[in-house]
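See below for the structure under consideration.
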Amino acid sequence: MAITRRQWLTVGLCVPLTLAAGAQSAVSGSASGARTALTLLVGAAPGGGWDTVARELQVAMRENNIVANPQVINVPGAAGTIALEQLMQMKGQTDVVMVTGTVMLGGIDVNDSLHDLTETTAIAHLADDYEAIVVPTDSPLESLDDLIRALKDDPGAVSFGGGSLGGTDHLLAGMLAQEVEVDPTEINYVPFAGGGEAVSALLSHSVTAGVSGYNEFADQVTAGNLRLLGIASPERMDGADGPTFAEAGYETYLPNWRGVVAPPGLTDDDSAELTAIISETVATPEWADALKRNKWIDAYQDGREFKSFVGAETQRVEAIIEGLGL
Numbered sequence: 003m004a005i006t007r008r009q010w011l012t013v014g015l016c017v018p019l020t021l022a023a024g025a026q027s028a029v030s031g032s033a034s035g036a037r038t039a040l041t042l043l044v045g046a047a048p049g050g051g052w053d054t055v056a057r058e059l060q061v062a063m064r065e066n067n068i069v070a071n072p073q074v075i076n077v078p079g080a081a082g083t084i085a086l087e088q089l090m091q092m093k094g095q096t097d098v099v100m101v102t103g104t105v106m107l108g109g110i111d112v113n114d115s116l117h118d119l120t121e122t123t124a125i126a127h128l129a130d131d132y133e134a135i136v137v138p139t140d141s142p143l144e145s146l147d148d149l150i151r152a153l154k155d156d157p158g159a160v161s162f163g164g165g166s167l168g169g170t171d172h173l174l175a176g177m178l179a180q181e182v183e184v185d186p187t188e189i190n191y192v193p194f195a196g197g198g199e200a201v202s203a204l205l206s207h208s209v210t211a212g213v214s215g216y217n218e219f220a221d222q223v224t225a226g227n228l229r230l231l232g233i234a235s236p237e238r239m240d241g242a243d244g245p246t247f248a249e250a251g252y253e254t255y256l257p258n259w260r261g262v263v264a265p266p267g268l269t270d271d272d273s274a275e276l277t278a279i280i281s282e283t284v285a286t287p288e289w290a291d292a293l294k295r296n297k298w299i300d301a302y303q304d305g306r307e308f309k310s311f312v313g314a315e316t317q318r319v320e321a322i323i324e325g326l327g328l
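Position 139 of the sequence shown, counting from 1, maps to 141 under my numbering, and the rest follow consecutively.
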């Protein structure tokens with residue numbers, strides 16, 4: 003018998019009980035315990051954007067004695083919505099936060115998640131980056147125009163490798179197809195659990211093109227293994243030798259933000275303490291170096307501002323998905 007999506011998510015929720023126990027919940031205490039041990043929950047496999055954010059935070063926290071024992075736990079699947087469901091089971095728990103972003107908003111909608119980010123406790127908006135499209139260096143596609151021509155000739159023959167269904171990568175591919183009058187529901191999109199898997203698929207020529215944040219591809223572009231066709235940013239990025247979509251004549255634009263949320267049910271004091279931990283972390287030299295190395299754009303907002311931002315972004319992404327017929 004086929005397992006329904008709701009049943010599948012319920013199976014996935016078996017893990018949070020272990021996670022919650024392992025994190026030594028401070029439900030009845032205060033978030034000050036998070037300075038002793040803090041779990042950074044990541045809804046994707048190691049090697050992707052959220053995982054990188056979590057591990058950069060971990061290093062900065064540890065090196066500056068902000069948190070004595072920060073640990074990263076990966077719970078990949080369904081564009082981060084499995085991790086979200088786990089976080090929702092930890093109501094009132096003060097020693098765990100989850101890295102999230104634009105990708106999860108799309109995944110929540112496409113996967114009919116039981117919850118959305120507006121139900122979590124907003125802690126901080128950290129940084130933004132921009133999507134890029136790349137191909138293997140030996141690909142016959144030498145420009146974004148070449149890719150568009152191939153897409154218009156036969157949408158199914160051009161495979162895009164990226165993150166989860168409904169995530170930023172998927173939305174960008176669909177928006178670009180829509181702009182050039184290709185039915186976005188006809189594109190051949192191949193989802194992967196993390197950026198590392200998408201890069202491997204590109205290098206093995208399993209997909210035609212890759213779609214992700216530029217930093218996911220930067221090392222392979224620099225090494226000469228991948229060719230950058232374009233970046234969906236308003237201006238050229240430092241260190242990225244390739245045109246913006248606008249320079250190539252396309253209007254598609256979709257920033258990819260990253261932030262941190264906590265379980266629902268926290269007191270104002272507990273929420274403020276977790277926000278203080280993140281605020282101190284992003285003020286460190288280690289985090290400044292992480293922004294530079296990963297080509298992230300500093301976009302820090304505290305919990306109050308981030309809560310409003312998440313609400314607005316939820317509505318915006320829902321409208322994009324509806325417009326694309328996804």
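All residues carry an ideal CB built from backbone N, CA and C; glycine is no exception.
Using 8 Å as the threshold, is the C-beta distance between Ser166 and Pro193 below it?
yes
Using only the alpha-carbon positions, how far apart do Leu19 and Ser141 sit?
Only weak support is given to the placement of Leu19: the predicted model assigns it a pLDDT of 41, under 50, and the value that follows is read from those uncertain coordinates. Each residue's Cα considered, the two are about 47 Å apart.
Counting C-beta neighbours from all protein chains within 10 Å, is the total for Ala159 16 or more, i.e. buried, or is it exposed?
exposed
Between Pro236 and the rest of its own chain, which residues show a CB-CB distance below 8 Å, the 5 nearest in sequence each way excluded?
Thr246, Ala248, Tyr255
Trp259 lies in the beta strand (DSSP E); which residues open and close that run?
257-264
Going by beta carbon distance, what residues of the same chain come within less than 7 Å of Leu174, once the five residues before and after it are set aside?
Glu133, Val213, Ala234, Thr254, Leu256
Using CA coordinates, which residue listed in Leu178, Lys294, Ser202 is at the minimum distance from Leu153?
Leu178
Measuring alpha carbon to alpha carbon, tell me which of Gln88, Ala250, Phe162 ends up nearest Val101.
Gln88
For Thr269, tell me which candidate among Gly108, Ile125, Val182 has the shortest Cα-Cα distance.
Ile125
Three-state secondary structure assigned by DSSP to Ser202:
helix
Can you name the start and end residues of the beta strand (DSSP E) that Asp130 belongs to?
123-138
Between the Cα of Ala129 and those of Thr41, Asp148, Thr54, spot the shortest distance and give me the residue it belongs to.
Thr54
Looking at C-alpha atoms only, which residue of Ser115, Ala56, Met92 is the closest neighbour of Ala81?
Ser115
With Gly232 as the anchor, note down where its beta strand (DSSP E) starts and where it stops.
228-233
Tell me which residues share the same chain as Gly226 and place their Cβ nearer than 8 Å to its Cβ, disregarding the 5 neighbours each side in the sequence.
Thr139
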